[in-house]
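**Q** Handing you a structure now.
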Amino acid sequence: MMEFIPYVDNILTKNNGVIYIKKRNSEGLFCNVKIDTNNYKNQIERNGEKNSVFFISSKVYENPNINFYDHSICQDIIEGVGGRETEDTIELIALRIISKNPEKETVKIFNAIRNKFKKDTAIGVGVKSKGYVYKNYFYQRAYVGKKTLKIDINNDKLPIMEVL
Numbered sequence: 003m004m005e006f007i008p009y010v011d012n013i014l015t016k017n018n019g020v021i022y023i024k025k026r027n028s029e030g031l032f033c034n035v036k037i038d039t040n041n042y043k044n045q046i047e048r049n050g051e052k053n054s055v056f057f058i059s060s061k062v063y064e065n066p067n068i069n070f071y072d073h074s075i076c077q078d079i080i081e082g083v084g085g086r087e088t089e090d091t092i093e094l095i096a097l098r099i100i101s102k103n104p105e106k107e108t109v110k111i112f113n114a115i116r117n118k119f120k121k122d123t124a125i126g127v128g129v130k131s132k133g134y135v136y137k138n139y140f141y142q143r144a145y146v147g148k149k150t151l152k153i154d155i156n157n158d159k160l161p162i163m164e165v166l
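Residue numbers 3 to 166, in the working numbering, belong to the letters of the sequence shown in order.
What follows is the structure, encoded as structure tokens:
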């Protein structure tokens with residue numbers, strides 16, 4: 003997550019996109035916090051959930067209790083899961099457009115991120131695990147052989163991912 007935010011910042015800026023993370027408030031309830039891409043490290047480090055779920059939006063929403071899965075809102079939302087990291091493990095980030103009928107701006111942001119991954123020589127594509135091949139998963143080549151790739155950093159029962 004710490005590397006993902008600056009990586010997509012120019013895409014978000016160009017397309018008026020916003021990133022939100024889920025975080026617990028003082029009452030212990032989850033709320034959505036808009037990430038300031040200029041000061042994101044402080045916001046993420048304070049997040050007790052370690053950013054396992056985040057959202058990229060093509061619109062700004064001020065209500066911290068908004069439900070991004072709500073039918074009237076989800077057409078503006080890309081859901082992101084993952085991005086946590088330890089000394090020896092990195093969690094793959096999965097992105098998906100929530101709505102079956104997304105807004106044009108949402109698709110534009112999603113495609114721009116995917117195309118940036120495809121064009122970047124530092125990014126590889128395709129992973130496998132226990133006989134399953136995931137051709138649309140991207141990973142940073144610099145971590146291959148240095149860190150273990152996982153889908154969920156906190157679930158040791160899930161298989162480790164290998165690059166194709």
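For glycine and all other residues, C-beta sits at the position ideal for the given N, C-alpha and C. Since the structure is predicted, the reported quantities are computational estimates derived from the model, not experimental observations.
Put R86 into one of helix, strand or coil per three-state DSSP.
**A** Reduced to three states, the DSSP call for R86 is coil.
**Q** Please go through the same chain and pick out, in chain order, the residues whose beta-carbon is closer than 8 Å to the beta-carbon of N17, but skip the five residues on each side of it.
**A** Same-chain partners within the cutoff: S60, E107, K110, I111, A114.
**Q** Mind checking whether Y22 and N34 have CB atoms under 7 Å apart?
**A** Yes, the Cβ-Cβ distance between Y22 and N34 is below 7 Å.
**Q** Note down, in chain order, each residue of its chain lying with its Cβ closer than 6 Å to the Cβ of N27, except the 5 sequence neighbours on either side.
**A** Contacts found: C33.
**Q** Suppose you measure from the CA of F56 to the CA of K159; what does that come to, to the nearest Å?
**A** Approximately 23 Å, taken between the alpha carbons.
**Q** Thinking C-alpha only, which one of S54, N67, I7, T15 is nearest E29?
**A** Selected option, being the one with the closest Cα: N67.
**Q** Secondary structure at L94, three-state DSSP: helix, strand or coil?
**A** Note: L94 maps to coil in three-state DSSP.
**Q** Would you decide whether Y141 is buried or exposed? Buried here means 16 or more other CB atoms lie within 10 Å of its CB.
**A** Label assigned to Y141: buried.
**Q** According to DSSP, is L160 helix, strand or coil?
**A** Here L160 sits in coil by DSSP.
**Q** Buried or exposed for I129, please, with buried defined as at least 16 other CB atoms from any protein chain shown within 10 angstroms of its CB.
**A** Checking the sequence shown, residue 129 turns out to be Val, not Ile. V129 should be labelled buried.
**Q** Would you please state the rounded distance, in angstroms, between the beta carbons of L166 and I92? I believe it to be under 8 Å.
**A** The Cβ separation is near 17 Å, so there is no contact.
**Q** By alpha-carbon positions, which one of T88, I153, R143, E89 ends up nearest to K120?
**A** When each option's Cα is compared against that of K120, the closest is R143.
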